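Chains A and B, in that order, are what the protein sequence lines are.
Under the working numbering, the first residue of the first sequence carries the number 202, and numbering increases by one thereafter.
Under the working numbering, the first residue of the second sequence carries the number -2, and numbering increases by one thereafter.
Cβ atoms here follow ideal geometry from the backbone N, Cα and C, with glycine treated the same way.
As the structure is a prediction and not an experimental result, all values here were calculated from the model.
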Amino acid sequence: ILNVEQSPQSLHVQEGDSTNFTCSFPSSNFYALHWYRWETAKSPEALFVMTLNGDEKKKGRISATLNTKEGYSYLYIKGSQPEDSATYLCAFASGSARQLTFGSGTQLTVLP
Amino acid sequence: DAGVIQSPRHEVTEMGQEVTLRCKPISGHNSLFWYRQTMMRGLELLIYFNNNVPIDDSGMPEDRFSAKMPNASFSTLKIQPSEPRDSAVYFCASSLGQRETQYFGPGTRLLVL
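Structural data, given as structure tokens:
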């Protein structure tokens, strides 16, 4: 069983604040790390997939970094807006795994 | 592309009835996943297929649950008999490979009375 942990579990920020959260995963036998955005009453949507140590991906105000040697990824949101409110899931794939292992998510609420 | 299609979007049934959920994956994707979302457990993987073959069904709760993928463009998840504790949102997702980005359908919201 692969251990994928996300922290914090939930987060409330004010509109305009920048925020970040963490996904931790096993550092051995790395294949890929995915980030998904999951709005309430909708389905998860893929944000990023990262495969190389040091990868940085950016989509608008959201960016992610990857450290495969120490087994963590950060997701950053710059200047949070209420529409950023969602659960952010990370999912890890090892070289030997047959499918993704999802973390339990960080639930972000951006207060206007 | 229409994305992953699931039907029905909502289902209300009585305890003991058979429920069949349907999924059409994205054309060309060869991996298909069934998930269940509950308040208590979040997103749980029930079963997944690769090239229409079930690979891992260890997440299927019990024998009342069964899933099939008769061809590359269609899968079903069946619950017989249904129970109130099966009430949840069931998602289907597909991907190009087992470890690749998964694309989720809109989900089926099931309520068993």
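Annotation: Cβ neighbours of P245(A) in chain B (cutoff 7 Å, chain order): F101. Proximity of F62(B) to chain A, defined by a Cβ-Cβ separation below 8 Å, is not satisfied. Assignment of D83(B) by DSSP, reduced to helix, strand and coil, places it in the helix class. Rounded to whole angstroms, the gap between the alpha carbons of S225(A) and F303(A) is 11 Å. Going by beta carbons, H213(A) and L312(A) fall inside the 8 Å limit.
Within the region 293 to 306 of chain A, the residues whose Cβ lies closer than 8 Å to any Cβ of chain B are, in chain order, A294, A298, R299, Q300, L301, F303, S305, G306. Across the region 227 to 246 of chain A, CB contacts with chain B closer than 7 Å involve Y232, A233, H235, S244, P245, in sequence order along the chain. In the same chain as Q77(B), and ignoring 5 residues on each side of it, the C-beta atoms closer than 7 Å to its own belong to E15, R61, in chain order. Under the three-state reduction of DSSP output, D53(B) falls in the strand class.
For G104(B), the neighbours in chain A by C-beta distance under 8 Å run, in chain order, S244. Taking every protein chain shown into account, the CB of K21(B) has 16 or more other CB atoms within 10 angstroms, so this residue is buried. Per DSSP, reduced to three states, the secondary structure at P58(B) is coil, with no helix or strand assignment.
Beta-bridge partners of Q300(A) (DSSP): none assigned. Interface annotation, V205(A): not in contact with chain B, CB-CB separation never under 8 Å.
Between I278(A) and the set H235(A), K270(A), T310(A), the nearest pair of CA atoms involves T310(A).
A direct Cα-Cα distance of roughly 6 Å separates K75(B) from L18(B). In this structure, the beta-carbon distance from Q34(B) to T105(B) does not fall below 8 Å. Of all residues in the region 81 to 97 of chain B, those with a C-beta nearer than 7 Å to a C-beta of chain A are F88, Q95, R96, reading in chain order. Secondary structure at E41(B): strand, using DSSP grouped into helix, strand and coil. For M36(B), there are no CB contacts under 8 Å within the same chain when 5 residues up- and downstream are skipped. Think of a sphere of 9 Å around the beta carbon of L40(B): the chain A residues whose beta carbon falls inside it are W239, P245, L290, F303, S305, G306, in chain order.
The Cβ-Cβ distance between S281(A) and E216(A) falls below 8 Å. Within the same chain, Cβ atoms closer than 6 Å to the Cβ of F249(A) are found at W236, K258, A265, the five residues on either side in sequence being excluded.
One thing to note: S208(A) has its Cβ no nearer than 8 Å to the Cβ of T220(A).
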